[in-house]
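Novice:
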Amino acid sequence: MTKKELIFKYRNLVSLGCRLHNLPSRLFRVRVKGKNNRIEAPCALLKQVSIHIVGNNNQVIIEDFSQIKNTKITICGNNNVVHLGKRTYLFEVEFFLEDDHNVIDLQEHNIIMGPSKFSTIEGTKIIFEKDSMCSSECNFRTGDSHCVLDLEGHRINESRDIILREHSWVGIRVTCMKGADIPHHSIVAACAVLTKRYDEPFCVLAGVPAKIVKRGVDWSMVRIPVGDIPQGYVSPVNQEWKERDYQ
Ligand SMILES: CC(C)(COP(=O)(O)OP(=O)(O)OC[C@H]1O[C@@H](n2cnc3c(N)ncnc32)[C@H](O)[C@@H]1OP(=O)(O)O)[C@@H](O)C(=O)NCCC(=O)NCCS
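In this note's numbering, the protein residues as written are 9 to 255.
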């Protein structure tokens, strides 16, 4: 039986272990002011996590086998959702949801390695599909917080969703502004600023504002030597996706 199958078989036991681990208040601090707010983390390891909610009908769902450390979730408003899917790993992340109907959805097996901030306002979403990795000091903001006006006084800076599609790697100090949409199997270079939708996968996006600087590349977390592929090493470069996009 593999380690994964073993964990699933004894899920209830693992869940009990997680609950006991998360019990001391210094590991998991919750302050809620409002009605019908739901916080669930039945089978996740939490350490120095604080959740502060002011409003009604909000949800914070942390799914199984996630590890969330030194993380702060603040919700000011109603009907907001923070969903951290299975096998999410977060270290020093801040989530801030302001106004109503915002969603932060890290769908499955996403890793965020360092101090990074996620802010949503005005009913927008930040979605990370799956298997992505984000380095430290990154910022994801679906809105500008303040208004940009034309000279007749109409507001022109609409808040918009941010999407990071499957298996993308976001380098250090990247900023994703409203409307950023990063294709699957992308690499976002250090310090890039993204403000729009990009359509081409298997690329490096770099600069301010970000542009494609390299095509036909993928990435892997496993460090292998430059040059020949080592014997017995199975490349994670995803054949299925490549065939789909290059047909
Ligand atoms: C994106 C990255 C991986 C690309 O590496 P690479 O494939 O070896 O690419 P190269 O160094 O050949 O660069 C390709 C081009 O992009 C440019 N470029 C690379 N990184 C850039 C950056 N951060 N900003 C602007 N341009 C950049 C290079 O100048 C080069 O331009 P040229 O073709 O005009 O000479 C690397 O530059 C990077 O930013 N790494 C981030 C590392 C990180 O944050 N790690 C944290 C751990 S999670």
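Ideal placement from N, C-alpha and C gives every residue a C-beta, glycine not left out. All figures in this text were calculated on a predicted structure; none of them were measured in a lab.
Does the beta-carbon of Met9 have 16 or more other beta-carbons within 10 angstroms, so that it is buried, or is it exposed?
Specialist: When all chains shown are included, Met9 counts as exposed.
Novice: When the Cα of Leu105 is compared with those of Met185, Val221, Ile134, Lys94, which residue comes out closest?
Specialist: Considering only alpha carbons, the answer is Ile134.
Novice: Looking at Leu114 and Phe136, is the spacing between their C-beta atoms short of 8 Å?
Specialist: Their beta carbons are under 8 Å apart, which means Phe136 touches Leu114 by this criterion.
Novice: Leaving out five residues before and five after Ile171 in sequence, what residues of the same chain have Cβ atoms less than 6 Å from its Cβ?
Specialist: If we look at Ile171 and ignore the five residues flanking it on each side, its Cβ neighbours are Ile135, Asp189.
Novice: Could you check how far apart the C-beta atoms of Val196 and Gly179 are, in whole angstroms? I think they sit under 8 Å.
Specialist: Indeed they touch by this definition, with Cβ atoms about 6 Å apart.
Novice: With DSSP as the reference, please indicate the residues paired to His120 in a beta bridge.
Specialist: Going by the sequence as given, residue 120 is Ile instead of His. Looking at the DSSP assignment, Ile120 forms a beta bridge with Leu98, Cys142.
Novice: Report back the beta-carbon spacing between Asn45 and Ile61 to the nearest angstrom; my notes put them in contact at under 8 Å.
Specialist: Sure, about 5 Å apart at Cβ, within 8 Å.
Novice: Rounded to a whole number of angstroms, what is the C-alpha to C-alpha distance between Asp139 and Leu159?
Specialist: Cα-Cα distance, rounded: 44 Å.
Novice: With DSSP run on the structure shown, which of helix, strand or coil describes Cys77?
Specialist: Checking the displayed sequence, the identity of residue 77 turns out to be Lys instead of Cys. Residue state, collapsed to three classes: strand.
Novice: Quick check on DSSP: helix, strand or coil for Glu137?
Specialist: In this structure, Glu137 counts as strand in the three-state DSSP scheme.
Novice: Run through DSSP, which three-state label would Glu106 get?
Specialist: Strand at Glu106.
Novice: In this structure, does DSSP put Cys211 in helix, strand or coil?
Specialist: Reduced to three states, the DSSP call for Cys211 is strand.
Novice: Helix or strand or just coil, what does DSSP make of Asn66?
Specialist: Of the three classes helix, strand and coil, the one that applies to Asn66 here is coil, per DSSP.
Novice: I need the straight-line Cα distance from Asp152 to Val221, nearest angstrom please.
Specialist: Whole-angstrom Cα-Cα distance: 27 Å.
Novice: At a threshold of 7 Å, does Ala200 count as lining ligand 3 (C-beta to nearest heavy atom)?
Specialist: Summarising the ligand content, the structure contains ligand 1 and does not contain ligand 3.
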